[in-house]
Amino acid sequence: MKTIKKISPIAELNYFLAIFIPLTIGIGSFLVLMHRTEVKVDTTEVNLNEIRNVEMAAQGAASDFHVIESDLRFLANQNELRAML
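The numbering used here numbers the first residue of the sequence shown as 10 and each following residue consecutively.
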């Protein structure tokens with residue numbers, strides 16, 4: 010019959026820490042990397058959406074100015090308006 014060798018509590022703690030600490034560092038590093046990647050993707054997406062919003066607003070303003078310009082050209086060609094000036 011084999012006898013089981015008794016390990017001291019300090020040796021057990023050392024074995025536990027030798028496994029736990031590197032594993033924790035590895036998993037923590039992986040999670041930090043995943044978080045940073047997700048934040049970078051979200052930031053890029055928000056920036057692109059803001060650029061699109063500004064472009065759409067600029068197109069809307071340009072369209073409004075074209076409408077105003079055509080109205081002013083129409084009014085400038087009215088003879089009654091010239092007579093009043």
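A virtual CB, placed ideally from N, CA and C, is assigned to each residue, including glycine.
- Our two residues, I34 and H44, have alpha carbons roughly 15 Å apart in a direct line.
- Where T52 is concerned, the enclosing alpha helix (DSSP H) starts and stops at P18 to A85.
- Rounded to whole angstroms, the separation of the alpha carbons of G37 and P31 is 10 Å.
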